[in-house]
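Chains as they are written, first to last, in this note's numbering: chain A, 1 to 193; chain B, 1 to 291.
Built from N, CA and C at the ideal position, the CB exists for glycine as well.
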Amino acid sequence: MIRLENETQVIYDANVIIYSLFPEKYKIPLLTALAKDLNNFLFNQESTIMVPHFIICEIERKGYYKVIDDYFKDLRPSSRFQLMIKLRHNFENLKKHENFSQEYYQPCEKLLESIDNAFIDFNNLDNIDEYFMRKHTDVLNPSIEDKKLILFSKDKECPIISNDLDLTFFHEELLKRNLVHQIIDFKSINLNS
Amino acid sequence: MSTIGHFVYFITCVKDSLSFRDAEDFTEKIRNDFDFRLKVQKFVYIAKYFGWKHSYKYSLYIRGPYSSTLADEYYNEDILKYSPLEIDGFDSISFNDFVDGKTIHYLESASTILYYMGSEKNFTRSDAIEKLQMIKPHIDSEIVCNAYDDIIRLNFFRNNNLYEIIVIDDNLDNEKEILLKQINDYVDYFADFGQCNNSIIVSGSLDYLSMVLENETLDLQMKKDLLELLSNYVLDVKKIYDLCDDNPKVFEYMNLNSLENKFNRIQDYISQELGISLRLYDSEFEFAGCD
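Structure representation (structure tokens):
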């Protein structure tokens with residue numbers, strides 16, 4: 001169980017933000033409650049939630065679709081749209097919070113290349129089949145947003161909170177190579193005192 | 001024949017009666033003030049009887065005669081940036097005398113009475129009271145009487161040819177079926193195309209319009225207006241379809257703000273003027289649930 005008492009600032013990945021935006025009627029079991037509790041916990045201890053601009057763009061371009069499609073597949077299209085309107089509205093409110101900080105960050109090509117090379121090497125890890133099995137894939141291909149997020153964490157010396165296996169599964173390896181500050185698996189967070 | 005220039009000229013002539021300061025204030029009120037929009041609708045309708053032979057098509061709705069073409073025009077935020085074009089024959093002084101200081105209920109009554117007088121011969125004072133009490137119980141009968149008496153005094157109907165009889169197309173049901181099929185085909189196509197937020201915007205808005213069409217029980221003229229409006233929206237979706245050329249990445253990065261704004265205006269019309277359904281934005285709107 002990971003604890004967050006000493007963190008003055010954390011970086012959020014897209015899904016962690018989106019989970020917290022769902023209305024009560026359409027909450028995602030466990031995840032919405034945990035994400036809302038996490039926001040409250042961090043804001044109450046005056047920690048800053050940092051989100052780089054490319055993650056905001058990702059949410060506003062395709063993030064809502066992905067989560068709605070994952071958890072509300074059976075909703076008819078007009079209801080999906082209505083739900084997305086609600087999520088967008090709640091996100092605008094979250095952005096206004098004084099401890100929610102939007103940051104511009106653009107890593108150089110050389111740094112991105114170092115992440116690319118690391119992930120090429122990860123194909124040879126002993127436990128890579130476990131990743132493929134859990135991810136239901138046969139290729140290791142993290143998104144450009146994932147790669148930038150890793151570098152952003154290193155640059156800010158600040159932990160990422162994510163539930164994306166492309167990040168959490170390779171946490172130890174990325175740390176060993178000194179490419180990331182810290183990656184915290186969202187589901188492993190324990191907020192109980 | 002009416003043009004945007006005529007509309008701008010008209011709005012400038014009635015600025016004081018309509019109570020707005022400048023173009024910015026006009027846009028602000030159009031955006032946020034339902035009563036103001038209602039007033040513009042009634043002013044333009046009544047202006048026909050003061051010499052402005054405009055071509056806005058009006059149908060009778062819950063709050064009196066309403067023109068969706070006119071609404072489309074005044075929702076254009078830059079409308080008052082167009083140059084005014086004088087309206088030949090429009091008696092702005094008499095018009096302002098007639099409408100100045102009048103309440104919304106008075107304007108609603110007067111325009112509705114004019115609407116009936118245009119289509120029914122010998123529409124009497126008691127017909128006006130009876131009919132308006134039935135469809136507008138929120139309006140005091142004294143206001144209806146005043147409006148009727150003012151209209152008679154001005155003798156609007158000495159030339160009965162001012163009013164055009166609307167030709168009703170009895171093929172509307174076929175048109176509706178064809179439009180519904182087009183909408184539903186696009187809903188299916190866009191629901192997963194691109195797998196992005198734009199997929200939700202396009203398929204969701206069309207699905208809402210499909211529900212509206214399935215539930216409407218409008219009279220023929222109102223149905224015709226609605227079909228025209230929705231066909232226009234579907235044409236915009238078709239343009240998006242053509243632009244994407246089956247490339248999901250192009251679709252994912254498209255800015256659909258103007259389509260969403262148009263959809264919002266259609267929702268306002270469906271909700272406030274037709275009373276068919278609430279808007280998706282309204283908290284009372286019930287999720288339709290699972291398929």
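Partners in chain A for residue i, counting only beta-carbon separations shorter than 8 Å
| i | result |
| --- | --- |
| D207(B) | R76, P77, S78, F81 |
| I200(B) | Y64, Y65, I68, P77, R80, F81, M84 |
| M211(B) | S78 |
| A191(B) | P77 |
Close beta carbons around residue i, own chain, < 6 Å, minus the five adjacent residues each side
| i | result |
| --- | --- |
| F190(B) | S199, V202, S203 |
| G89(B) | G51 |
| V67(A) | I18 |
| P65(B) | Y45, Y58, S111, Y115 |
| T32(A) | Y19, F22 |
| T27(B) | E77 |
| V250(B) | C244 |
| K42(B) | L107, S111 |
| E273(B) | Y61, Y66 |
Chain E contact for residue i (CB, 8 Å cutoff)
| i | result |
| --- | --- |
| K62(A) | Looking for chain E here will not work: the only protein chains present are A and B. |
Beta-carbon proximity list for residue i, same chain, < 7 Å, skipping 5 on both sides
| i | result |
| --- | --- |
| I276(B) | V212, N215, E216, I270 |
| T168(A) | S162, I183, D185 |
| Y56(B) | S2, V44, S67, T69, L70 |
| K90(A) | For the sequence presented, residue 90(A) should be read as Asn rather than Lys. Excluding sequence neighbours, N90(A) sits near L21. |
| S114(A) | L179 |
| Y148(B) | I113, R125, A128 |
Chain A within 8 Å of residue i, Cβ atoms only
| i | result |
| --- | --- |
| Q195(B) | yes |
| V234(B) | no |
| V187(B) | yes |
| S203(B) | yes |
CB contact check: residue i to chain B, cutoff 8 Å
| i | result |
| --- | --- |
| I28(A) | no |
| L191(A) | no |
Residues of its chain near residue i, where Cβ-Cβ distance is below 8 Å and the 5 sequence neighbours each way are ignored
| i | result |
| --- | --- |
| V267(A) | Any question about residue 267(A) goes unanswered here, given that chain A covers just 1 to 193. |
| Y74(B) | F7, I30, R37, V40 |
| L179(B) | L213, L227, L230, S231, V234 |
(request) Check each residue of the stretch 247-280 of chain B: if its Cβ is closer than 8 Å to any Cβ of chain A, include it; give the result in chain order. (result) For the stretch 247-280 of chain B, which is checked against every Cβ of chain A, the residues closer than 8 Å are E252, Y253, L280.
(request) Please list the residues of the stretch 36-57 of chain A that have a C-beta atom closer than 9 Å to any C-beta atom in chain B, keeping them in chain order. (result) So the list is empty, because no residue satisfies the distance condition.
(message) In chain order, what are the residue ranges of uninterrupted beta strand (DSSP E) at least 3 long that sit wholly in the stretch 180-219 of chain B?
(response) Listed in chain order, nothing qualifies, since the stretch 180-219 of chain B has no complete beta strand (DSSP E) run of 3 or more residues.
(message) Going residue by residue through the stretch 72-142 of chain A, where are the continuous alpha helix (DSSP H) segments of at least 4 residues, counting only ones entirely within it?
(response) Qualifying alpha helix (DSSP H) stretches, in chain order: 77-95, 109-122, 128-135.
(request) Within the stretch 213-279 of chain B, note down every full alpha helix (DSSP H) run reaching 4 residues or more, in order along the chain. (result) List check, alpha helix (DSSP H) in window: 220-244, 248-252, 257-268.
(message) Runs of 4 residues minimum, wholly inside the stretch 25-88 of chain B: which ones carry the alpha helix (DSSP H) assignment?
(response) Runs of the alpha helix (DSSP H) inside the stretch 25-88 of chain B: 34-47, 68-74.
(request) Could you pull out every unbroken alpha helix (DSSP H) segment of at least 4 residues lying fully inside the stretch 105-146 of chain B, listed in chain order? (result) You should have 125-135.
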